[in-house]
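Asks:
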Amino acid sequence: RTFSSGKPRLVHILFSDTGGGHRASALALEAALRSEYGEQVSVKIVDFFREATPWPMNQAPEVYQQVMGHLPTVYKKVYEVEGTHMSWRETAFFKLMWMRSRETVLGFVTATISEGVDLLLSVHPLVNHLVMEAFEEIFQGKLIVPVVTVVTDLGTAHQSWFDPRVNLIFVPSPQIENLAVEHGVPRRQMALCGLPVREGFWESDQRPKRQLQELLGLTPSDRPEVVLLMGGGEGFGSLGEVAIAIGEKLARRGLGQLVVICGRNEEVRKALETYEWPACDEALTPRRRFSPLVRGFVANVHEYMGAADCLVTKAGPGSIAEAMIKGLPCLLTSFVPGQEEGNVHFVTASGFGEFVSDANPQEVSEKVAEWLADPDRLLQMSACARSHARPKAALDIARRICDGLLDLGVELSEACCGGAGVARGSAAAGGGSGPSPDCSGPFFLSAAAEPAGPSAPLREAACEGLHRQTLAQSAELAEAPP
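The sequence shown begins at 947 in this note's numbering and counts up one residue at a time.
1) Write down the C-beta distance between Gly1177 and Lys1260 rounded to the nearest angstrom, noting that I regard them as a contact closer than 8 angstroms.
2) Are the beta-carbon atoms of Thr964 and Tyr1010 separated by less than 9 angstroms?
3) Using the Cα positions of Thr1019 and Glu1287, report the straight-line distance between them to the nearest angstrom.
4) Are the CB atoms of Asn1289 and Phe1281 within a distance shorter than 9 angstroms?
5) If you follow the alpha helix (DSSP H) that Thr1019 is in, where does it begin and where does it stop?
6) With DSSP as the reference, label Glu1312 as helix, strand or coil.
7) Check this for me: beta carbons of Arg1111 and Gly1087, under 9 angstroms apart or not?
8) Which value, in whole angstroms, describes the spacing of the CA atoms of Phe1389 and Leu1278?
9) I need the boundaries of the beta strand (DSSP E) containing Asp993, first residue and last residue.
10) Out of Glu1061, Gly1264, Tyr1025, point me to the one whose CA is closest to Ala1430's CA.
11) Assign Gly952 to one of two classes, buried (16 or more other C-beta atoms within 10 Å of its C-beta) or exposed (fewer than that).
12) Going by the CB atoms, is the gap between Asp1109 and Met1078 shorter than 9 angstroms?
13) What residues are listed by DSSP as bridge partners for Ser1068?
14) Under a three-way DSSP split, which group does Ile1115 fall into?
15) Looking only at its own chain, which residues have a Cβ that is under 6 angstroms from the Cβ of Trp1044, when we skip the five neighbours before and after it?
16) Kindly identify the DSSP beta-bridge partner or partners of Val1172.
17) CA-CA distance, Leu1318 and Cys1348?
18) If you check the beta carbons only, do Glu916 and Ala1038 fall under 9 angstroms apart?
19) Is there contact here, the stretch 1214-1224 with the stretch 1125-1142, by at least three beta-carbon pairs under 8 angstroms?
20) Among residues of its own chain, excluding the 5 on either side of Asp1384, which ones have a beta-carbon nearer than 6 angstroms to its beta-carbon?
21) Decide if Gly1273 is buried, meaning its Cβ has at least 16 other Cβ atoms within 10 Å, or exposed.
22) Just confirm the distance between the C-beta atoms of Ala1315 and Arg1199, as a whole number of angstroms; I'd bet it's less than 8 angstroms.
23) Nearest CA to the CA of Phe1040: which residue from Gly1015, Glu1061, Pro1071, Gln1012?
24) To the nearest angstrom, how far is it from the Cα of Ser1296 to the Cα of Leu1125?
Written as structure tokens, this is what we have:
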């Protein structure tokens, strides 16, 4: 694949380290863009709140960690504030964010456009409206470059994900597609592609489960018995207590093997590695002592999932999407209040999992034992999981983005000049009344009346105008009474 010019297209992926999922999606999309287009695309991952907002918003990652660790109910209240509004732009919360960050966001967008960026891609809900508000003010709503959103929540999503002013919104599930419509996004501006996951999950692993089990240090088994326990990248939740409860239950009943991936939670990893696990019942298993595999942060999660028969984890969308690809039944034990509650419903309603709170580790271990004792049920849940899988979501999104970039002046010119950018085919012809385009088929943004995209002089003139405007407004603010 070659672009019309030899210059690499510059894509900025905007995210924030508020939870591991946003970074994971950004990295997956970066890998997909590089995999498909190599040096023809230059990708830069930008922590938007670090680089584009003032204090205290630029401390969002640290604040998120503290609130999630100590005040989860406060996070839920903040997440759900003003949730009845159709548009996030109308809320007092957003207006406060914009008032506090306006000057720095305008400066960030100005510098980004001046740098020659060809496309902005957001994988964080609170980025979208801030960026679009900047375009509204700087360029009177005209998108000098395309702006794309990739939603990274599966079951439900915060209203800030949905700004109909962007060119295109990639959604991971029909539930999110319908929610976007409720918030005013036309279906013709959406594409249903799935959730972008890391590269190890893109292609089917043809290695037998027994081979993967042996490779990872497990005892190969022909019956379902390998339990994979994960706490997310940060190891949130009662990971240690749940691991001990499951391990002791499996040891007493001779049911199976346990793998615990602790992520960056070194305290839990060290505690589990030194824990005195009980002796096994010799009448039930030839193993003398139960000895789980305990790992920290690993790069080959796809192999551990391929070796497992069920997954016990928090309701993070990335882990769920990867589990679906591997056909893993999911026992969810915790969720980020408000934000991940919809993921629990997604899993249970789709028939490949249940929820048991890690507030009671013994109940979690009982449910695991119940599953392992019923292989037919595990097989049924596995089939349900696979039926919802979209392993090539990241690749599909990358192709849809770059198929537009291949002829940026033609394919995206309507979008760059302020149009919505509609899909060719039945969805476009239907005026937005039909389903959104699916990433499994061809998808382009429509050609426009104007044949050429924004030129370098246009970018420079617009940015110079903004620079003068910002200086004048800053002077006015300095002279205004407090």
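Cβ atoms here follow ideal geometry from the backbone N, Cα and C, with glycine treated the same way.
Replies: For this structure:
1) 6 angstroms
2) For Thr964 and Tyr1010, yes; Cβs fall inside 9 angstroms.
3) 13 angstroms
4) A contact, by the Cβ cut-off of 9 angstroms.
5) 1018-1026
6) helix
7) yes
8) Reliability fails at Phe1389, whose pLDDT of 40 lies under 50, so the model's placement of it is uncertain and no value is given.
9) 987-993
10) Lying outside 947 to 1428, the shown extent of the chain, residue 1430 is not represented and no answer is given.
11) exposed
12) yes
13) Leu960, Thr1095
14) In the structure shown, Ile1115 sits in a strand (DSSP, three-state: E or B).
15) Glu1079
16) Gln1203
17) 45 angstroms
18) Absent from the model: residue 916. The displayed extent of the chain is 947 to 1428, so no value can be given.
19) no
20) Leu1138
21) Residue environment analysis places Gly1273 among the buried positions, since at least 16 neighbouring C-beta atoms fall within 10 angstroms of its C-beta.
22) 6 angstroms
23) Pro1071
24) 17 angstroms
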